[in-house]
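J.: These protein sequence lines are chains A, B and C, in that order.
Each residue of the first sequence is one higher than the one before, counting from 449 in the numbering used here.
Each residue of the second sequence is one higher than the one before, counting from 34 in the numbering used here.
Each residue of the third sequence is one higher than the one before, counting from 3 in the numbering used here.
Idealized CB from N, CA, C, for every residue including glycine.
On a predicted model such as this, the values are computed, not experimentally measured, just so you know.
One structure is given below, represented as structure tokens, and several questions about it will come after.
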Amino acid sequence: MTPPPATSVAAMMRPLPAAEDSRSNRDILAVMGRPTLGYVALLLLVVSAVAWALGTFVYQTYVGLGVAGYSHPIFWGVYIVTFVFWVGIAHAGTLISAILYLFRAKWRNAINRSAEAMTVFAVATAGLFPLIHLGRVFKFYWLLPYPNQRALWVNFKSPLLWDVFAVSTYATISTVFLYVGLIPDIAIARDRSTGWRKALYSVLALGWQGTSPQWKAHNRTVLHLSGLATPLVLSVHSVVSWDFAASIVPGWHATIFAPYFVAGAIFSGFAMVLTVMIPVRRIYGLERYITDYHFENMTRFILLTSLIVGYAYGVEYFIAWYSGVEAERTSFWLRAFGPYWLSAWIMITCNAFVPQVFWFKRLRTHIPTIFVVSVLINVGMWFERYVIIVTSLSREYNPAVWGQYTPSWVELSILAGSFAWFSMFFLIFLKIFPVIAINEVKELEIHEKEHPGGEYWEHGHTYEEVH
Amino acid sequence: MAEIDRREFLKLVGASAGAAAAAGCSEPVEKLIPYVVQPEEITPGLPVYYASTCRECPAGCGLLVKTREGRPIKLEGNPEHPVNRGALCARGQAAIGRTYHPDRHPGPLRRTGEGSFEAIGWDEAIALLAEQVKQAGSGTWFLSGDPGPTASRWIDRWLAAVGAGGRVVHEPFAPEALRQAASEVFGAAGEPRFDLTDADLVIDFGSDFLETGPSPVAHARQFAASRDVAEGEGRKARFVYVGPRLSMTASNADEWVAGKPGAAGALALAVARAAVDAGAGSAAVREALAGLLGNFAPERVAAQTGVEAETIQRLGRAVARARHAVALPPGPALTGRRARATAAAVLLLNAVSGSVGRGVRVSPAGAGRRASYRETLALIDAMKSGRVKLLLIGDGNPVYSLPTATGFAGALEKVPFVVSFASLADETSARADLILPDHTPLESWGDVVSAPGARSMVQPTLRPLHDTRALVDTLLDTGRALGPAVAARLPSGSFRTLLEQAWSDADWREAVARGGRFEPAPATETVSLAPGAGRIEVAEPLLEGEGDWTLLAVPSPWLYDGRGANLPWLQETPDPVTKIAWQSWAEVSHATAERLGLELGDVVAVETPTGTLEVSVYPRGGIRDDVVAIPIGQGHTVGYWASAAESGRPGEPRGANVLDVLPAATDESGGRAWLAARATLRKTGAHRRLALVQTSQNQRGRLLGEAVPLAALAAGDGHAAEHGGEHDESHGNGHGDAHHELLKPFDASKDADPDSSYRWGMAIDLDRCTGCSACVVACHVENNIPLVGERRSLEGRQMSWLRIERWIGEGSLKGGRTLPVAADPDEAPGVVDVRHAPQLCQHCGAAPCESVCPVLATYHNPEGMNAMIYNRCVGTRYCSNNCPYKVRRFNYYDYSRENWPGLLGLMLNPDVTVRVQGVMEKCTFCTQRVSAARHAATLEGRTIRDGEVTTACAQACPTQAIAFGNLRDEKSRVVEKSHAPARSYHALHELNTRPAITYLAQVKRGRVGEEG
Amino acid sequence: MPTLVGVFEQPAKVAEAAKRLRDRGYAELQVYSPVPSHELDHVIDEKPSRVRVWTLVGGLLGVTAGYALTIWMSTNWKLVVGGKPWASIPPYTIIAFELTILLGGLATLLGLLVVGKLPRFRPDPAYHPRFSAEDFGLVVSCEERDVAEVDGLLRAHQAKEVNLVEG
């Protein structure tokens, strides 16, 4: 088609007509629309749960940790269990956005935003627990190497210090990652909003306009962050596992802990993403962007990591037996058949057996099944940490002080509070930021338009490749 | 009562360090006010020691009372005292609590109604008493324990002066039967005393001499000396325990012969017979006893005593072979209605073994009146019949300590006016019409005859904390108030002056300074068998009731006859056999439990003709199937810790009082018979959890409490050296070999700063440790360790830094699924294999706890101690998780605020920080003592000498099982002790933590009469 | 100086147009795109992004800081814990690693801002919300007299419309 010739400059002096918006913009920004009654009710519920947990924490801090279930020699309980649990959850996000990015797995584009958000919120939840469990929480800052007059520094040889660094680094980097990815989408929202939202987005978008230098820097940044986050995500849960592996407690002191924990983390992380995104997709009708294909891919990951975790369980028992160390053997024997047998079997069933259903295509693509399994996995993974921590401590080297531990109502309240805390952040996030990376989805659409029928979804090529 | 907490006290005395440390970071800053006029003998910060005497039991051990700024803070043994030689038992250690006890009577009290009293002045009180005495006249009676010779004399004088009825002495555990037996057998009135030092064979028929015997500390020391393997063949005395229950004492025996209860007499004679057959005994003795022993052929008594003839024969041979065999008569638990004959039989066995005059001496009866149960019962009858108008009750708590069946409490109601002199509230004083509180022993003057030749002095170590008066002074004042006639017959001056007169034969100042006058025991006249000796009648015990089980009322090692029940340290310290704290229990055999379908903690009803008692059961191997044993001492209804008040149920009894179901029986001599009833057991279906502080006595073959056979020592078995008994064939579970490669020897003395002259360490000799737990209480008192009480003990939240672990043999791989677990069935008659292993911080050279602390709150200090910096601790508790010995404790609550009610805060050791909520704590090797010694040494420009500093636990130990010192001093005692190639080992050596504590494996001497 | 904005639907066309314009000597070009598009990346600027330098420097800074801090802090009190040397490298390596990532990541973010000239608070007059929808924009600044030519060129490359905005 030939364009009409330009008559005169004056003739061209007219404002740009408002072009009709793209569908992806409309669909995804719609999620951020006016909250429904259900949403408000849910938010209120979780906020009050958080308030209750906060109250119990204050009570515990005042009266002392005696109100928790601790008793000699079991000095770590629900709090550390929950810490490890949430750190584990936090692994899916970075895995999806960093590792899958490096592997050019294009299908990640639909889910990486939500996964990254969960990562940040999970870390924010996990980070609280090492403090909640402190005997003197008001001295928590002593764990940081801050300059002080008497030059009292921290003990960098302690696994707990490694934790401090690993977890805070992870929190920072995953936040940066989330934000960098958000910038172009915030710009989209900015261009389509008014009032306080406009003000907020204008600031957060940093004046993003999608000029080519910006995009180039952006791509490079995402690439480098992925490069950094990949070893980070592997290190974080390794370090967490060393809290246990670096000790001499029978049941903790095992070389396989790092890979075992990382696999477990990815396992639980994906499960949590499914647990959260299946309802979200349903409620906000995002089927066009998050397809069953995405869920199926995640179930594949879950199947793989489940096999790794199951293998690790087996190896633990084998080594305990093969080592010939009576303390190890006893510890593991009583893990499965002692007072905590129920927790142990919940863990094995939910993590090693249940996910095997994903060998079948029909079940991999059957959303209700996926949802149920993902929930079971979350339960199983919490119990995994409970079993590792509590049963090992309850049967240590000195039988004279073997002990028993039962969580108290305080600990359970705070555990419940942690789920509320996490949900609270996610619910708010839904309403403030695009839950799907619009620009990445749109990129695929536009590419579709250019090369119709290309299997871009499956194995895409990225900008770097072209050059 | 004025509430003075520790902080205020410190302000008063101006000790700064303690306050600053105790205050922690979050506490407000406080001003410290120095003395205005400083007492010359007191230097703030330095302790002053006063010699005195322990009044907890009749043994009369010497004390050094450690005072700081005028407050006693710890009781230690007086090294010069012949009875305890510097050691002090658990009860003695805890005795300090009486002075600061919240239950103390603030001053004279007059009863105004049921259980309610009003405070009155002394003048009024004495006038009141005088009035009552005047009215009562000869209806006035005085009941008490033994107040000591001088006090006794003046009480008697006073009673005579006021024309009172008389005085009755009641000591629940007084060995009355034994005294009578002595006069019967030897014709010499007096008290038989047993010395084990030179014995090479000890046969105990149930005296439990290591716990509640006549002189536990002295006997423990002698016992250890007689068995000291370090001193060569000559010193390896054998010890056989004969009795129905494997008590703490029995657990230290080489062999346990589980004779039927009450069979001691027959057994003693049968053994004597077997010994005579094997050629023992002088001609005279043989001749004198020929007739008697004729009826006691081992075969004949076997059935009646429940012991095979073969065993009796073997013991007899052993007695014959022994150079010096000592037999000990039964203690209270086995004192039956034939107690006199039983005791006589045991004395005869000693006569046969030829130890009379050597290990067994009869010391002449001391002055003053003796405890008499018969007289006590007579008094009760008099009370019931209303002949007693006025009853004065000195020390002792008869309402509790007399069998309920005697009806003493009821009889007390019939007495118009009852006066109690108790300084602490108890069941008796609660029923008194007038309370005229006496000082506590730490506040008063007095004297005690501890042993022949040993006259001990009791002197005040602080100004009375309350408005109290010495008992004798109260009486004298009352006497004077009765008018010139009476006054004329009474001395002028106070009890102190009377005491000084009584000691006029000694150098008063020296006696007070040294804690008494100690001379070698006067040569006892050589006793020989009396003509009637051969005519004693030993027969089956007489027991009331038809039950299948004989009821054994066992004196509690800590609570004694119940007098210890109000001392929290004793309640908190787990029983040495069952490891139960704060509670009562009934010991039954596993067979019994099975028969009745009872699990650990199930409540059983114990029924005797006298009454019924409900108590949780503790099934174990170490008791006969036909016996049920219940410890004496619990079931008090008065007292903050004695009753359930501490558990929030004031007025309710803590645990069960076995005296409720005992008949008021006496023996032939009129002495008190404890072994007097059969019981039936009935399952109630209820369950009451038992606070087992040690959750399992099965060490599963782990390197915790080791033992080596005597043979290995003789062979100087180097193989055993590394592995402390690992080579033992009977080793539980064939993983011993695994240890062999893993255990690499190391030199603990290297684990300290190269420039430091010290590496502190310890050697603990399991062959000497009897499980008496004196160290545990000493540690509690020395280090201000919180007492957590019953509920938190049930939660497994005890705070003790030092505990004694009781292991039954090598253990097996059985059990562990449920906790706590009752003692193994392995605890069976025959060779005894029970190991008492003190467990405390090992001050490892490569301490797992240190490297995991994120804030460096615990680290290895230059002198090799595993130091704990409370102020720096944030409470991650990782250190405890990573400690394989599990000796670290966590402050769940702010004990520093709630743990020391009343004036108890005054006895806190100002040199030791009171830990705040949320921090870890553990054994520090008494670092405060080391610092003090270092300071002293530095002032003299030298290093600390060996023996100059020792830990509270080592100091308290009656058998010197613990040696503390500098591992870098080649000649130090600890190094010398640790060097025992065949016995030394390290707990959990295979973990390579390089402990500073070397354990010496217990020596297994095997069956008596089968040497080698 | 007038500025023309050509609105395109396909990044490829934008690229062609931009190339053509530069050949004709129009240097002042800018591209707005709703999505990252590799066709456009090097139309304006050939060189690869300099963000990489920032990451490298940050990472190196991190690893150095990691070892330096841990070792220096250990020298203040040379405490022995668990019988280990007062400065033991293996555990410190973990700290150094985490700091490498941390500083590397933060530096990268900083690089994005610097290189991408962010934040910028006054939007270009040529920018329009449609460019955050699906349209691509090619902005050309030129002399008055060249407006017609540029307009023509843009349209020749299938600009669905061309608009003039005041520069």
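Leaving out five residues before and five after A/S472 in sequence, what residues of the same chain have Cβ atoms less than 7 Å from its Cβ?
T.: Closer than 7 Å at Cβ, skipping near neighbours: I886, V889, K890, E893.
J.: Quick check: the Cα distance between A/G786 and B/R278, rounded to an integer number of angstroms?
T.: Using only the alpha carbons, I get a separation of about 32 Å.
J.: For B/R104, which beta-bridge partners are listed by DSSP?
T.: Under DSSP, B/R104 forms a beta bridge with B/R101.
J.: Taking the runs of the alpha helix (DSSP H) that are 4 residues or longer, which of them lie wholly in the stretch 813-866 of chain A?
T.: 815-834
J.: Grab the span of the beta strand (DSSP E) containing B/L585 for me, first residue to last.
T.: Residues 582-587.
J.: How would you list, in chain order, the residues of chain B whose beta-carbon sits under 8 Å from the beta-carbon of C/K80?
T.: Chain B residues near C/K80: none, gap ~10 Å exceeds 8 Å.
J.: Just grab the DSSP bridge partners of C/L6 for me.
T.: C/V142, C/L166
J.: Nearest-angstrom Cα distance between A/G514 and B/V821?
T.: 12 Å
J.: Contact criterion: CB-CB distance below 7 Å. Does B/G878 meet it with respect to chain C?
T.: yes
J.: Return the residues of the stretch 838-863 of chain A that lie within a Cβ-Cβ distance of less than 7 Å from chain B, sorted by chain order.
T.: L841, R843, E844, Y845, N846, P847, A848, V849, W850, G851, Q852
J.: Under 7 Å, do B/P141 and B/E102 count as touching if we go by C-beta distance?
T.: no
J.: Assuming A/V684 and A/A614 form a contact by the criterion Cβ under 8 Å, report the distance between their Cβ atoms to the nearest whole angstrom.
T.: 5 Å
J.: The ligand MN and C/G139: does any heavy atom of the ligand fall closer than 6 Å to the residue's C-beta?
T.: No copy of the ligand MN appears in this structure; indeed no ligand is present at all.
J.: Verify the CB distance criterion: does C/T72 have a CB-CB separation below 7 Å to chain A?
T.: Taking Cβ atoms only, chain A reaches closer than 7 Å to C/T72, which makes this a yes.
J.: By the DSSP assignment, the beta strand (DSSP E) with C/H40 in it spans what residues?
T.: Looking at the DSSP string, C/H40 is not in any beta strand (DSSP E); the run it does join, the alpha helix (DSSP H), is 40-46.
J.: Which same chain residues, not among the five before or five after A/I714, have their C-beta less than 6 Å away from its C-beta?
T.: The residues are H539, L543, T753.
J.: Among B/P105, B/G95, B/Q71, B/V69, which residue has its Cα nearest to the Cα of B/N942?
T.: B/P105
J.: Give me the DSSP bridge partner(s) of B/A710.
T.: Residue pairing of B/A710 in beta bridges, as defined by DSSP: B/E577.
J.: Does any residue of chain D bring its CB to less than 7 Å from the CB of B/L229?
T.: Protein chains A, B and C are contained in the structure displayed, whereas chain D is not.
J.: Thinking just about the alpha-carbon of each residue, which of B/R657, B/R394, B/V952 is nearest to the one in B/H623?
T.: B/R657
J.: For B/H720, decide whether its Cβ has a neighbour in chain C, counting only Cβ atoms nearer than 7 Å.
T.: no
J.: Looking at the secondary structure, which residues open and close the beta strand (DSSP E) in which A/F718 lies?
T.: Annotation for A/F718: no beta strand (DSSP E) segment contains it, though the alpha helix (DSSP H) segment containing it runs 705-732.
J.: In whole angstroms, give me the CA-to-CA distance for C/K21 and C/A109.
T.: 34 Å
J.: In whole angstroms, give me the CA-to-CA distance for C/T5 and C/K15.
T.: Rounded to the nearest angstrom, the two C-alpha atoms are 19 Å apart.
J.: Answer with buried or exposed for A/E564, where buried requires no fewer than 16 other C-beta atoms within 10 angstroms of its C-beta.
T.: Buried.
J.: Please classify B/W174: does DSSP put it in a helix, a strand, or coil?
T.: Assignment of B/W174 by DSSP, reduced to helix, strand and coil, places it in the strand class.
J.: So B/Y911 contacts chain A; which residues on that side make the cut at Cβ distance below 7 Å?
T.: L608
J.: Keeping to the same chain, check which residues put their C-beta closer than 7 Å to that of B/A342; ignore five residues upstream and five downstream.
T.: P331, E332, A335
J.: Let me check understanding here. Comparing Cα to Cα, which of C/I91, C/D137, C/P131 lies closest to C/T72?
T.: Nearest to C/T72 by C-alpha distance, out of C/I91, C/D137, C/P131, is C/I91.
J.: Check the Cβ-Cβ distances between B/H893 and every residue of chain C, and say whether any is below 7 Å.
T.: True, the Cβ-Cβ gap to chain C drops below 7 Å.
J.: With three or more C-beta pairs closer than 8 Å as the rule, is the stretch 835-854 of chain A touching the stretch 906-923 of chain B?
T.: yes
J.: Note down, one range per segment and in chain order, each beta strand (DSSP E) of at least 3 residues found wholly within the stretch 886-951 of chain B.
T.: 891-893, 899-901
J.: Could you check whether A/L682 and A/S721 sit closer than 7 Å to each other, using their CB atoms as the reference points?
T.: A small correction: the amino acid at residue 721 of chain A is Val; Ser does not occupy that position in the sequence shown. Between A/V721 and A/L682, the C-beta spacing is not below 7 Å.
J.: Can you tell me whether B/Y82 is helix, strand or coil according to DSSP?
T.: strand
J.: What span of residues does the alpha helix (DSSP H) with A/T620 cover, start to end?
T.: Where A/T620 is concerned, the enclosing alpha helix (DSSP H) stretches over 607-639.
J.: Using a Cβ cut-off of 8 Å, which residues of the stretch 1014-1029 of chain B contact any Cβ in chain C, in chain order?
T.: R1027
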